[in-house]
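Engineer:
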C-alpha cells in the first residue's frame, strides 16, 4: 500500500515538473506584439512593479507571483528571472544611475539628465509639443518662451538652426531668399506663431562682400538656399571686403552636430529637503527633480513630465548641483545624440538652465545667501540692514521696493574674498563680511573651515613666518584641491542664481502672506467669534471656485495646522465673511481685501497685456504691503516673504505667468519619492531610489510609444504594449498621464434614463422666457429632456444655479455680453439644438462700497426696456464660462437660521449644521478673488470695474511709510526695553542662586517676531504640508 502511494506521488511530481517545464519554455517564447517584453505576462508584471503611486515591496511581488502560479497562469517567470529581464530592459532602453563623489567626500548617485532629455525627444507623445525658439506675440503671454527670459540668452546659446527637409540654416551664416537677396541670419525668433529670422542684408561688390546695417525680420518660409548652397554656386568661399567683421562660416556649431539637427533644451532644476519617511519621524533627504520647459506649461503641471534626478541623505544640494553641472556643460562640447520622434530624424541637443524653482530657504541656498534671518534678508537685492537702518524712514520705505539687484558675479567675488580672508586664520573678518553682504555658501564654508584650521596650524608650527607667506602657501594648496571651491551654480553659463530664482507663489503667498493674515485674524477672535466665522464660511457658494468642499469647523479647530489647499480656499472666500466680527480692527479688512484680489493675478495662466498686467500687479502688491504696515509695521522688517512681493513684477516680465514656476507639482511628486525610500533597503538609499525611478521612467517611455535603438534602427514597442496607455485609463492615472480631453462647446449632459422624464414645451421655463416668437424655436407640442449641465466654451461644466457669462443675441443681431444665473437646461427628445434658460442680472456701474468688487442686481425698467422679461433662453453654444458670485449678506443682514443635516458614514444623521439663510435673491457680488476663469472674467468686464486703485498714491514719495516707520520705532524700542528688562531679571535670579559666572551683554540680539507658529523653521527641520 505504501509502495503504491509512493509511486503515485512520484508520478504526480514528474507530471508537475514536466508541466512547469512546458510553462517555462512557453514563457521564453518571444511575441513581437509585446516587444521589448518576451510576452504579455512579463509586460503586465513590469507595469505592476513600476506604478509610481502603487509601489510594491519584494514580499508583495513574490506573493503575487505565488498567487498567479497557484492559479495555473502560463508564461509566469520566477522572481529572479523577472528581475533579470528587467535588467536587460534597462540595458536596452533605460539608463543606469551614475556614481559621484563630491569635493566634501560625500557619495551619491544621479540619474543622467541627458538620458531624460533624450527620452523626451524619442517619445512621440512629448516631442510633438517641444518648442525651441523664443516668441514675440501681440496676444496673451502664457509660456516662458513668450516672456523675456529666453531672449536674455545669446542667439548662439539658443537653438542655432532650423531645418527644411534636409537643408539646415544656421545663425551667423549667409543664406539666400526666394527673391535672390542674400542675408546674414542673426537670430531665430517666433513672431505670433511664425518662425522668423532677424537678419541683415549682405551684398557682393567688386571689393568683396559687405554687411548692411539695418536689421529686418524675415519669415523662414522665404529662405531658399543655405551657406553651402551659396558656396557651391559661387565656386569658392565668400570673400569679405576689407574692414568687414563677419562671423566664422560655416558656423562652428555644425561640427558639433555632425550633420544632425541641433536643438537647445531648457531644464529648470528643483531641489529641496524631503523626508524619506511617511511617519512623523523626519528622515532628511536632499532631492532634485527637473522638467523640460520647452514643453507647454499646462503639460508641466502633470506628474508624468517630472523627472527624478538625484537624492542623498548626506550630500547637500550644491554638491548634487555640481554633478548635474558637469552633465549639462558636457553637452556644450559633446551634444546629446538622440532620435527626434516628431521629425523622424537623428538630432543633437544642448542643455541650458533658465531658472531654479524652489521654496525660499532653498533658493537662498542656491543663491549663496544667508536666508531670511540675515540683516540683508533678500536673495534678489541688497535691501535691508541693521535695525537702526530698517526702522528709519529711508530703510522702512526701501523694503516696499525692489532694491539694487544682486548678481552672480558679485556673489562669487564676495565668496572668493571670504576664502582669501580664511587663509589668514582669523574668523571674525569673514563673519563681518558675511553679515555686511548677506553672502554665505555651504561649499565655500566647507573650505573656509579647512583653511582656518590649516592657517592656525601653520602659524603654530612657524610663529615667525609672515601671515602673507602662509596665505600664499594656502592659496597654492587650495588651487591644487579637486572640486568646486564655491557654489557651482554661479559658474553655469547663462544662469544667475540671484535673479533666476523666481518667487514661488505656493510658499510665498499661500504659506506666507495668506498664512500671516489668517494668523492675525484668528488670534484676535474670541471663541464665540470663531464659531460665528464658521457659519458663513460653511455657507459659501463654491460654484465657480473649483475648491474642495469647505470643512469650516475643521479649519477653525486646526487653525494653526492648515495646509496649502486651506489657505487657497480662505484667500478666495474669507473677505466676504468678516462682517459682524467685533474684534476685527478697521485696518484688518483692507488687508484681507488686498490679499484676496492679488491672488487671481498670481494664479493667472495668461497675461493678456503684459504692460497692463505689471501695472496692476505693482499696485496690488503695494496695497498688500501698505495694509500689512497699517496693521503691524514690524512684519515689514521681519518677514522676508513680504519684501519679495515687489520682485513679482520682474518675474512676470522675465518668466511669464507666475503659476508656471509654482512648485506644487514637485511637492506632490514627493509622495512617489517617499514610497521609493520606504521600500529601499536603506543601505544605499541614493542608488536604490535612483534605480527605481530610472525603472519607472523606462516603463513610461516604453508604454508611450518611445523609440529605442536596436542596431542601426530606431524602433518602438509592440502594438499590444502601445495600446495599454492609450486604452487603459487606470494605467494613465497611475502614471500621472492626463489624456487629451476634447470638450464640445454646447454639449448637454442629460439625467440618467431612470431619473429623467419627458417635459412638454409648456411645462418648461423656456416657454415663457423668449423675446422672439416661441413657435420659431419649437412647436407647442414638442417634448424635451432636462439636462444636468452644459459645456461652456471654456470647457466648464455649467450646472443649474451656476453663474455664467454668455453671448446674448436675443434682442439684436449684435452679440451682447450677458451675466446671469443658469435656470434650466433642455434638450429636445427628437435630437438637435438644445436650449438654456438664463436669469438676467445687470452689472452696476459702481463697485461695491465695501468689497470694491462689481455688483450684480436684477434689471429694472430704467436699465432695460425688456426688464419684464428678466429671464430668456440662449443657445448652449453661447455660454462662455462660469464664474463665482457671492450673496451680499452684509447689505441683506442674512442670519444663520437655516440648517443642514450632517452626513456620517454615508448616512444622514440627526445632527445638523447651521447655515446662513439669504434674506433676498437680488443682491450679489462678483467674486474678484476667485482664481477660476479670473482672466476670462476681466476680459468681459469694463476696465473701470477691474482696474486696481492704489490706497496711497504717494507710494514713491513714501509719506505714509514715514508715518508707519515712526510708529515702528516706538514699538520696537518698547519691545527691546521689555526684552532687556527680562534679561536683567534673569541675570539677577541666577546671580542670587550663585549660577552666573560672567556678565550678560544686555544689548545683544533682537526679537524678530512674536507670532507663534509663523516663524519659518530651518531647512533641516521643515516638514512639507503643501499638498494641492
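Numbering (my numbering), first residue to last: 12 to 1039.
C-beta: ideal position from N, C-alpha, C; glycine also.
Give the C-beta separation of residue 611 and residue 942 to the nearest angstrom, bearing in mind that I take them to be a contact with Cβ-Cβ under 8 Å.
Structural biologist: Rounded, the Cβ-Cβ distance is 6 Å, consistent with contact.
Engineer: Pick from 562, 762 and 630: whose alpha carbon is nearest that of residue 914?
Structural biologist: Residue 562 is the option with its Cα nearest to residue 914.
Engineer: Work out the CA separation of residue 429 and residue 155 for me, nearest whole Å.
Structural biologist: Roughly 36 Å between the two C-alpha positions.
Engineer: Counting along the chain, where does the alpha helix (DSSP H) carrying residue 540 start and finish?
Structural biologist: Looking at the DSSP string, the run of the alpha helix (DSSP H) that includes residue 540 is 538-549.
Engineer: At the level of alpha carbons, what is the spacing between residue 702 and residue 196?
Structural biologist: Distance between the alpha carbons of residue 702 and residue 196: 44 Å.
Engineer: Express the C-alpha separation of residue 119 and residue 324 in angstroms, rounding to a whole number.
Structural biologist: Each residue's alpha carbon lies about 9 Å from the other.
Engineer: Tell me whether residue 80 is buried or exposed, calling it buried when 16 or more other Cβ atoms sit within 10 Å of its Cβ.
Structural biologist: With fewer than 16 Cβ atoms within 10 Å of its Cβ, residue 80 is classed as exposed.
Engineer: I'd like the span of the alpha helix (DSSP H) that includes residue 663, first residue to last.
Structural biologist: That run of the alpha helix (DSSP H) goes 658-666.
Engineer: Between which two residues does the alpha helix (DSSP H) harbouring residue 651 extend?
Structural biologist: Residue 651 -> alpha helix (DSSP H) spans 651-654.
Engineer: What do you get for residue 377, buried or exposed, if any count of 16 or more other CB atoms within 10 angstroms of its CB means buried?
Structural biologist: Buried, because 16 or more other Cβ atoms sit within 10 Å of the Cβ of residue 377.
Engineer: Where does residue 313 sit, in a helix, a strand or coil, going by DSSP?
Structural biologist: Three-state result, residue 313: coil.
Engineer: Kindly give me the distance between the Cβ atoms of residue 606 and residue 528, rounded to whole angstroms, as I take these residues to be in contact under 8 Å.
Structural biologist: Right, the Cβ-Cβ distance comes to about 5 Å (below 8 Å), so this counts as a contact.
Engineer: Return the CA-CA distance between residue 901 and residue 590, expressed in angstroms with no decimal places.
Structural biologist: If I take the Cα positions, the gap works out to 7 Å.
Engineer: Buried or exposed, going by whether 16 or more other CB atoms sit within 10 Å of the CB of residue 565?
Structural biologist: By the 10 Å Cβ count, residue 565 comes out exposed.
Engineer: Looking only at C-alpha atoms, which of 211, 113, 304 and 635 sits nearest to residue 316?
Structural biologist: Residue 316 has its Cα closest to that of 304, out of 211, 113, 304 and 635.
Engineer: My assumption, with CB atoms under 8 Å, is that residue 938 sits in contact with residue 906. Please give the rounded CB distance.
Structural biologist: Between residue 906 and residue 938 the Cβ distance is about 22 Å, and since that is not below 8 Å, they are no contact.
Engineer: Is residue 850 near residue 882, with beta carbons less than 8 Å apart?
Structural biologist: A contact, by the Cβ cut-off of 8 Å.
Engineer: Going by beta carbon distance, what residues of the same chain come within less than 6 Å of residue 404, once the five residues before and after it are set aside?
Structural biologist: Contacts found: 973 and 976.
Engineer: Within 8 Å, do at least three Cβ pairs link the stretch 656-673 to the stretch 394-414?
Structural biologist: Yes, the stretch 394-414 is in contact with the stretch 656-673.
Engineer: Taking only the alpha-carbon atoms, compute the straight-line gap between residue 721 and residue 358 and give it to the nearest angstrom.
Structural biologist: Taking the straight line joining both Cα atoms gives about 17 Å.
Engineer: In the DSSP assignment, find the beta strand (DSSP E) that holds residue 817 and state where it starts and stops.
Structural biologist: Taken as a continuous stretch (DSSP letters only), the beta strand (DSSP E) holding residue 817 covers 814-819.
Engineer: Could you check whether residue 676 and residue 314 sit closer than 8 Å to each other, using their CB atoms as the reference points?
Structural biologist: In this structure, residue 676 lies closer than 8 Å to residue 314 by Cβ.
Engineer: Please check the pair residue 327 and residue 296, which I expect to be a contact at CB under 8 Å, by giving their CB distance rounded to whole angstroms.
Structural biologist: Rounded, the Cβ-Cβ distance is 11 Å, inconsistent with contact.
Engineer: Measuring only the C-alpha atoms, how far is residue 834 from residue 773?
Structural biologist: One C-alpha to the other measures close to 16 Å.
Engineer: How would you call residue 732, buried or exposed, if buried means at least 16 neighbouring beta carbons within 10 angstroms?
Structural biologist: With 16 or more other Cβ atoms within 10 Å, it is buried.
Engineer: Which residues does DSSP list as the beta-bridge partners of residue 281?
Structural biologist: Answer is 300, bridged to residue 281.
Engineer: Between which two residues does the beta strand (DSSP E) carrying residue 357 extend?
Structural biologist: Run containing residue 357: 356-363, per the beta strand (DSSP E) assignment.
Engineer: Could you check where the beta strand (DSSP E) with residue 915 kicks off and where it finishes?
Structural biologist: First-last of the beta strand (DSSP E) with residue 915: 906-915.
Engineer: For residue 140, which residues of its own chain have a beta-carbon under 7 Å away from its beta-carbon, when the five flanking residues on both sides are left out?
Structural biologist: These residues qualify, in order along the chain: 306, 307 and 310.
Engineer: Please classify residue 227 as buried or exposed, where buried requires at least 16 neighbouring CB atoms within 10 angstroms.
Structural biologist: Label assigned to residue 227: exposed.
Engineer: List the endpoints of the continuous alpha helix (DSSP H) containing residue 583.
Structural biologist: Here the alpha helix (DSSP H) through residue 583 covers 575-584.
Engineer: Mark residue 777 as exposed unless 16 or more other C-beta atoms lie within 10 angstroms of its C-beta, in which case mark it buried.
Structural biologist: By the 10 Å Cβ count, residue 777 comes out buried.
Engineer: On the DSSP letters alone, give me the boundaries of the alpha helix (DSSP H) that residue 462 sits inside.
Structural biologist: Segment 453-472, the alpha helix (DSSP H) holding residue 462.
Engineer: I'd like to know if the stretch 694-714 and the stretch 527-543 are in contact, where contact means that at least 3 CB-CB pairs between them fall below 8 Å.
Structural biologist: With the cut-off at 8 Å, the stretch 694-714 and the stretch 527-543 do not touch.
Engineer: What does the Cβ neighbour count give for residue 953, buried or exposed, with the cut at 16 atoms within 10 Å?
Structural biologist: Exposed is the call here.
Engineer: Where does the unbroken alpha helix (DSSP H) through residue 371 begin, and where does it stop?
Structural biologist: That run of the alpha helix (DSSP H) goes 371-377.
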